[in-house]
Structure formats: C-alpha cells, structure tokens
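Spelled out as structure tokens, the structure:
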C-alpha cells in the first residue's frame, strides 16, 4: 500500500511539473495534500486520503473541455443539427437502456477475451502442470469473470474519461438520440458475434457506429484527423503486440513437448 501511494505521488508530481500551464484544480489540491506529508512513510490515514483524492481527481475530469480548446471539435458541435428538445429529453431515458445493453455486449465479448488467458493460467497453476484439457468448474469461472468485471469498473472509473472524451466529444457530436442509435447498433453486432463465437471488438463497433452517425451531418460532422489516428493505432497495436508477444513466447519452454517454442 505504501509503495502504491509513493508511486501515485511521483506520477502526480511529475504530471504537475510537466503540465504547469494546463493543470486542473483537482491536481493542485492533490499536490498540496502531497506536499503536507514530510519525511518517512505516510500514515494509514494519509495513505487513504491520498488514494481517495487521486480517485476523485480521475472521476471529476471534464470530458467536454475540448469544446472550448479545440477549434475543430468546437465547429463540429456548433454546426450540429439538433432534434426537438422534447425528443432529446425522451431519449435520455432510452439511452440508459441502450447503455445497459451495450455494457452487456461488452461483458459478453471483450471481458471474456481478456479473462480467457487468465483462466488458462489459473488452470495451469491449480493443477501444477499445463494440460490440453481446459475443464474448469462453474464457480471458479464465475469468480474469474467477476474479477474481469471489477477490473472493467476500476478502469472506467479512473482512466475511462480519456476514451469518453475521444469518442463522446472529439470524434463527432453526440446527443441522446444519436447516442442511443450508436449504442444499440454496436451492441446488436457484438452480441450476435458473441453468439457465433466471434471475438469482435466493441471499440471497433462503437467507432464505426459513431462515424456513421456523424456522417449524417456531412463530411464536416466527423473529426477525420482523429479517425485516421485511431485507425493507425489499430494497425500499429496489432503489429506491435504480435511482435512483442512473439519475442516473449519464443524462448519460453513448452512443457507438453519437453522443448522450447523457438
């Protein structure tokens, strides 16, 4: 716990020194709290306060700040053709439902993809050897999936604001009506893919749906520079992860055959 606290303090202090012109009020408060701790390891109470402030800082991020600071994003939202106010208000409730459906689709696909290797590692650890059989009792599997759900919640709570800002503000303008269509369309595709056993990315589906909705405003309704950067990121990460994983797996032993993979 002390190590985690010290790491958080170093990260926040570094962020403050590198971004002194654009630092948020929450960051200043957190740094002031950190500076009040003099010498030695922090107490349990101080540790709890630092971690609590760090989490609150992440939760209170403004995901719409680019509307004022980014000219391209500002123009996209300024030129948005809005529906009747009563229609948008009605879809506020509809979007809660579509968000739940979208979360279900995310859990049925991406979380399962992420926890699959973890489940395999757990089987190897539990049995003391690597086997070709992947049998695992339902109780253990539920615990593994629950762990994945907890990780998803923590990730959303702390660093989710970055993707919220990218997809919900910078890529195109989204209203309750448009958001409901995006979420429901992407969820239907992902749920169908999960039923067929296809490991479909919810991110790809969401981006495609978001761009399609933005095109209803014409080509000026989409931040094409950001979209191109996103597509490049998909290609780059695919190649980078493949190469890095090959480097890690290559010299690893293969217990079932008594030899090395390479």
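Residue numbers (our numbering): 1250 to 1511. Ideal placement from N, C-alpha and C gives every residue a C-beta, glycine not left out.
Does the beta-carbon distance from residue 1414 to residue 1312 come in below 8 Å? Cβ distance < 8 Å, so residue 1414 and residue 1312 count as in contact.
Give the range of the alpha helix (DSSP H) segment to which residue 1419 is assigned. Premise fails: residue 1419 is in no alpha helix (DSSP H) and is neither H nor E.
Please report how far the alpha carbon of residue 1418 lies from the alpha carbon of residue 1463, in whole angstroms. C-alpha separation (whole angstroms): 11 Å.
With a Cβ-Cβ cutoff of 8 Å, do residue 1337 and residue 1425 count as a contact? Between residue 1337 and residue 1425, the C-beta gap is smaller than 8 Å, which places the two residues in contact.
Once DSSP output is grouped into helix, strand and coil, what is the label at residue 1478? helix
Once DSSP output is grouped into helix, strand and coil, what is the label at residue 1355? Helix, per DSSP.
Does DSSP put residue 1332 in a helix, a strand or coil? coil
Please check the pair residue 1316 and residue 1322, which I expect to be a contact at CB under 8 Å, by giving their CB distance rounded to whole angstroms. At roughly 6 Å, the Cβ-Cβ gap stays under 8 Å, so residue 1316 and residue 1322 are in contact.
Where residue 1468 falls, given that 16 or more other Cβ within 10 Å makes a residue buried: exposed
Just curious, the alpha helix (DSSP H) that residue 1325 is in, first and last residue? 1320-1327
Residue 1407: CB within 7 Å of a non-hydrogen atom of the ligand NAP: Among the ligands in the structure shown, none appear at all, so the ligand NAP cannot be discussed.
Closest by C-alpha distance to residue 1476, when choosing among 1455, 1490, 1403: 1455
Rounded to whole angstroms, how far is the Cβ of residue 1470 from the Cβ of residue 1325, which I believe are closer than 8 Å? 6 Å
Give the range of the alpha helix (DSSP H) segment to which residue 1366 is assigned. 1361-1376
Helix, strand or coil for residue 1304, going by three-state DSSP, please let me know. helix
In the structure shown, what three-state DSSP assignment does residue 1298 receive? helix
Let's test the definition: count the other Cβ atoms within 10 Å of the Cβ of residue 1403 and tell me whether it reaches 16, buried, or not, exposed. exposed
Same chain only: Cβ atoms within 6 Å of residue 1538, ignoring 5 sequence neighbours per side: Any question about residue 1538 goes unanswered here, given that the chain covers just 1250 to 1511.
Near residue 1430, which residues of its chain fall below 7 Å by C-beta distance, leaving aside the five closest residues on each side in sequence? Shown here for residue 1430: same chain residues with a beta carbon closer than 7 Å to its own, the five before and five after excluded, namely 1462 in chain order.
Mind checking whether residue 1405 and residue 1459 have CB atoms under 8 Å apart? In this structure, residue 1405 lies away from residue 1459, with their beta-carbon atoms at least 8 Å apart.
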